[in-house]
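2 protein chains.
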Amino acid sequence: MARRYVILASGAFAGRSAKTAHGVIAYATDRTVAVIDPTFAGKRVRDVLPYLDSDAPIVASVGAALALAPTSLLVGVAPPGGALPAAWRRSIVDALDAGLEVVNGLHDVLAGDPSFSAAAARTGARIWDVRVPPAVPLFSGSAYGVAARVVLTVGSDCAVGKMTAALELTRAANERGTRARFVATGQTGIMIAGSGIAVDRVIADFAPGAAEQLVLQNAPHADVLFVEGQGSINHPAYAPVTLSLLFGAAPDALVLVHVAGRRTIEDFETPLLSYRALVRTYEGLCAAVKPARVVGIALNTMGLDDASAHAAIADAREQTGLPAADLVRFGALAFYDEIAPGLAGKTAPLRRGDDAA
Amino acid sequence: MARRYVILASGAFAGRSAKTAHGVIAYATDRTVAVIDPTFAGKRVRDVLPYLDSDAPIVASVGAALALAPTSLLVGVAPPGGALPAAWRRSIVDALDAGLEVVNGLHDVLAGDPSFSAAAARTGARIWDVRVPPAVPLFSGSAYGVAARVVLTVGSDCAVGKMTAALELTRAANERGTRARFVATGQTGIMIAGSGIAVDRVIADFAPGAAEQLVLQNAPHADVLFVEGQGSINHPAYAPVTLSLLFGAAPDALVLVHVAGRRTIEDFETPLLSYRALVRTYEGLCAAVKPARVVGIALNTMGLDDASAHAAIADAREQTGLPAADLVRFGALAFYDEIAPGLAGKTAPLRRGDDAA
Chain A
1 MARRYVILAS
11 GAFAGRSAKT
21 AHGVIAYATD
31 RTVAVIDPTF
41 AGKRVRDVLP
51 YLDSDAPIVA
61 SVGAALALAP
71 TSLLVGVAPP
81 GGALPAAWRR
91 SIVDALDAGL
101 EVVNGLHDVL
111 AGDPSFSAAA
121 ARTGARIWDV
131 RVPPAVPLFS
141 GSAYGVAARV
151 VLTVGSDCAV
161 GKMTAALELT
171 RAANERGTRA
181 RFVATGQTGI
191 MIAGSGIAVD
201 RVIADFAPGA
211 AEQLVLQNAP
221 HADVLFVEGQ
231 GSINHPAYAP
241 VTLSLLFGAA
251 PDALVLVHVA
261 GRRTIEDFET
271 PLLSYRALVR
281 TYEGLCAAVK
291 PARVVGIALN
301 TMGLDDASAH
311 AAIADAREQT
321 GLPAADLVRF
331 GALAFYDEIA
341 PGLAGKTAPL
351 RRGDDAA
Chain B
358 MARRYVILAS
368 GAFAGRSAKT
378 AHGVIAYATD
388 RTVAVIDPTF
398 AGKRVRDVLP
408 YLDSDAPIVA
418 SVGAALALAP
428 TSLLVGVAPP
438 GGALPAAWRR
448 SIVDALDAGL
458 EVVNGLHDVL
468 AGDPSFSAAA
478 ARTGARIWDV
488 RVPPAVPLFS
498 GSAYGVAARV
508 VLTVGSDCAV
518 GKMTAALELT
528 RAANERGTRA
538 RFVATGQTGI
548 MIAGSGIAVD
558 RVIADFAPGA
568 AEQLVLQNAP
578 HADVLFVEGQ
588 GSINHPAYAP
598 VTLSLLFGAA
608 PDALVLVHVA
618 GRRTIEDFET
628 PLLSYRALVR
638 TYEGLCAAVK
648 PARVVGIALN
658 TMGLDDASAH
668 AAIADAREQT
678 GLPAADLVRF
688 GALAFYDEIA
698 PGLAGKTAPL
708 RRGDDAA
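Residue numbers (the working numbering), protein chains in the order written: chain A, 1 to 357; chain B, 358 to 714.
See the structure below:
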């Protein structure tokens with residue numbers, strides 16, 4: 001089903017807490033037909049955030065958006081203050097009463113709230129709490145058999161741009177005529193893709209199985225899957241989720257993502273690994289199960305001037321001998337063309353008798 | 358609290374499905390005062406399973422065990438057929454009615470069963486479903502600060518003897534006068550230790566935090582912690598749990614565990630890594646966060662004749678230059694003495710400015 005989103009962002013659309021909403025407007029294949037924020041009612045998205053390049057109207061209420069035939073109310077903005085304010089509750093009930101699906105990216109599980117579940121029951125509307133993972137089987141190795149090539153973005157840390165790199169590469173591949181799909185593994189990605197599993201919320205034993213299910217579900221519809229990576233292999237807290245994707249998605253190739261200039265893991269003092277150590281570590285782990293090579297480096301140069309950005313990119317190329325680029329700043333097509341030969345083949349998992357060492 | 362266990366094993370005590378019960382009798386610091394299995398009523402544990410070397414009586418019912426002043430009924434045996442038979446249900450209710458704690462290692466959550474929870478409410482007895490993990494915080498790095506040395510057993514695969522190696526080393530260390538504690542991370546280990554967390558059942562994001570909490574809880578009571586490892590670093594399904602312990606328990610040293618002769622990961626065709634590749638991979642990952650060296654190899658030679666067992670041990674020593682032994686077959690003391698110098702110091706986590714590559 002193609003969704004038509006109304007984004008609930010009352011009093012918050014212009015702020016940082018709305019970055020999921022901004023991501024959905026920028027990248028989702030499903031269209032945002034309106035934004036609810038009384039502060040900016042009467043304007044269009046482009047008037048408030050020019051870089052989003054969307055002429056969706058901003059309205060004051062769910063009622064005012066219904067004429068645009070939305071299918072879903074998207075709650076992708078953390079409400080100012082954290083707890084759901086009364087006005088937001090009203091909007092959610094209004095949407096359910098109008099039969100709209102509610103897609104919720106907040107930690108709060110809306111389906112567990114009696115007034116929301118009652119409203120949903122009245123009209124048969126669905127509440128989708130995207131952070132709540134479905135039940136999945138254990139990893140079985142079925143992902144080894146898909147025909148689509150699987151590319152996983154891996155990082156030097158959290159919050160470096162792994163989702164964005166996967167989205168940009170999906171767009172570039174499709175532009176070049178390759179059927180590509182973005183596979184979402186985190187909450188913002190799920191809201192952009194309209195499907196996915198928050199792998200970090202799955203019970204540890206089943207996290208690789210969740211990644212495998214995502215590959216199995218998406219593979220029939222594409223020639224290449226770009227799977228959103230999570231964390232980093234030397235992140236003291238999140239590396240196990242990283243490894244769940246590295247083994248569970250069974251990638252054929254990896255794209256390494258890094259923010260130029262970052263030196264330590266967020267919230268820890270752990271130094272980031274060098275490019276060469278990252279390539280060695282990720283490729284080494286894959287080599288013990290199903291080989292995959294790093295085919296390029298997506299560098300996030302936000303905050304650097306152009307000369308420094310180019311220097312950082314040149315440095316990444318020089319240290320690794322791999323293609324490197326800032327896909328957002330300088331475009332993803334040239335980088336995609338450069339790595340495309342490395343995305344052309346499937347790799348086979350190791351089998352009894354192979355040498356894993 | 359020191360527990361006094363009655364083990365519920367009706368119709369199953371002599372079989373393989375009772376291996377958790379056998380482990381508790383063999384290794385638990387808490388004493389087993391009776392076993393319930395009408396098949397063998399009147400005999401002692403030693404009469405049925407000589408290697409367990411226990412003279413605990415086998416009785417026909419909970420009532421018959423009460424004279425031995427038990428504190429807890431332990432359900433550590435999978436009932437024949439899988440589902441709880443009526444006689445077992447009766448025993449559990451009898452135990453709760455008598456005010457005994459029920460310690461349950463089955464998948465079924467007994468606290469969620471209305472007749473059991475009602476019985477527990479009547480007497481104030483506790484039902485402890487050991488597979489259900491408690492809520493834990495995210496990994497914070499607090500484990501880096503404990504004074505106790507932390508030793509983690511890591512494996513070439515699942516079910517190679519990581520729990521047993523940790524238990525044998527704990528016993529050997531205590532025998533040598535070092536205050537040592539076994540830290541349980543899986544269901545059987547938890548029933549043996551009387552505490553612990555089934556780390557594979559924790560939500561992926563929180564699994565390293567669970568390992569950290571176990572270290573923080575146990576460290577004040579010991580000079581050395583032997584933490585039960587899980588899985589293997591190239592296990593396609595369970596490696597993320599392995600890594601959760603490797604980073605979350607923040608070990609100072611590792612003991613590598615392997616079954617002589619095994620060539621592929623259980624249930625997969627993935628070849629096991631060589632000793633050298635295992636050492637390199639585990640040490641390499643630790644080196645990127647908090648250094649830890651493999652100090653020795655605990656080899657499980659079950660099924661080999663003595664000459665082949667000695668040859669397998671010699672091969673492990675030769676390939677790695679490390680101490681190697683079968684701790685169960687030939688005793689753990691000599692091996693412990695050999696690795697003890699490697700367990701004497703703490704390692705520091707990497708800090709800003711250190712070179713992680």
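The beta-carbon is built from N, C-alpha and C at its ideal position, and this holds for glycine as well.
- For B:Phe539, the uninterrupted beta strand (DSSP E) segment begins and ends at 537-540.
- Taking CB atoms only, A:Ser10 has no neighbour in chain B less than 8 Å away.
- One finds nothing in chain B with a Cβ atom closer than 9 Å to the Cβ of A:Ile190; even the nearest lies about 15 Å away.
- The continuous stretches of beta strand (DSSP E) do not include B:Gly710, and DSSP gives it neither H nor E.
- The C-beta of B:Val556 comes closer than 8 Å to at least one C-beta of chain A.
- Residue contact with chain A for B:Ile654: absent (no Cβ-Cβ distance below 8 Å to any residue of chain A).
- Sixteen is the threshold: when 16 or more other Cβ atoms of the shown chains lie within 10 Å of the Cβ of B:Val511, as they do, the residue is buried.
- A contact between stretches requires three or more CB pairs, one per stretch, nearer than 8 Å, and the region 126-137 of chain A fails this requirement with the region 238-247 of chain A.
- For A:Val146, no pairing in a beta bridge is given by DSSP.
- Using a Cβ distance threshold of 8 Å, A:Ser244 and A:Pro208 count as a contacting pair.
- The three-state secondary structure of B:Phe473, taken from DSSP, is helix.
- Contact between the region 322-338 of chain A and the region 161-172 of chain A is present: three or more C-beta pairs spanning the two stretches fall below 8 Å.
- With respect to the C-alpha of B:Thr527, the residue from B:Ser499, B:Ala385, B:Asp470 having the closest C-alpha is B:Ala385.
- Taking A:Ala184 as the centre and dropping the five residues before and after it, the same chain places the C-beta of Ile190, Ala193, Gly196, Glu228 closer than 6 Å to its C-beta, in chain order.
- Per DSSP, the unbroken alpha helix (DSSP H) holding A:Asn174 starts and ends at 162-175.
- Between the alpha carbons of B:Gly653 and B:Asp672 lies a distance of about 13 Å.
- Nearest Cα to B:Val581 within the set B:Cys643, B:Leu431, B:Ala421, B:Pro698: B:Pro698.
- For B:Asp562, a Cβ of chain A is located within less than 8 Å of the residue's own Cβ.
- Linking B:Tyr501 to B:Asp712 through their CA atoms gives a straight-line distance of about 18 Å.
- Segment contact: the region 274-289 of chain A against the region 656-676 of chain B, fewer than three CB-CB distances shorter than 8 Å; contact not assigned.
- A contact between stretches requires three or more CB pairs, one per stretch, nearer than 8 Å, and the region 410-425 of chain B fails this requirement with the region 460-467 of chain B.
- One finds nothing in chain B with a Cβ atom closer than 7 Å to the Cβ of A:Ser156; even the nearest lies about 10 Å away.
- Ranked by Cα distance from A:Arg317, the first of A:Val257, A:Lys290, A:Thr264 is A:Val257.
- Put simply, the backbone Cα of B:Arg708 is about 13 Å away from that of A:His235.
- In terms of CA proximity to A:Gly76, A:Val130 leads the group A:Val130, A:Tyr51, A:Val199.
- Counted as a single uninterrupted DSSP element, the beta strand (DSSP E) harbouring A:Asp129 occupies residues 127-129.
- Looking at the DSSP output, A:Pro271 bridges to A:Thr264.
- The contact set of B:Ala645 on chain A, defined by CB atoms closer than 8 Å, consists of Ile233, Asn234, Thr270, Leu273, Ala277, Thr281 in chain order.
- Between the region 77-90 of chain A and the region 39-52 of chain A, the count of C-beta pairs closer than 8 Å stays below three; the two stretches do not touch.
- When the Cα atoms are used, B:Ile560 and A:Phe206 turn out to be separated by approximately 9 Å.
- At a beta-carbon threshold of 8 Å, none of the residues of chain B lie near A:Arg44; the nearest stands roughly 38 Å away.
- Leaving aside the five residues that flank B:Gln544 on each side, the residues in its chain whose CB is nearer than 6 Å to its CB run, in chain order, Gly462, Val487, Arg488, Ala555.
- Within the model, the alpha-carbon separation for B:Ile484 versus B:Val381 is close to 18 Å.
- Listed along chain B are Leu600, Phe604, each with a C-beta nearer than 7 Å to that of A:Ala239.
- Identification of residues in the region 129-157 of chain A having a C-beta nearer than 7 Å to some C-beta of chain B yields Leu138, Phe139, Gly141, given in sequence order.
- Judged by DSSP in its simplified three-state form, B:Arg403 adopts helix.
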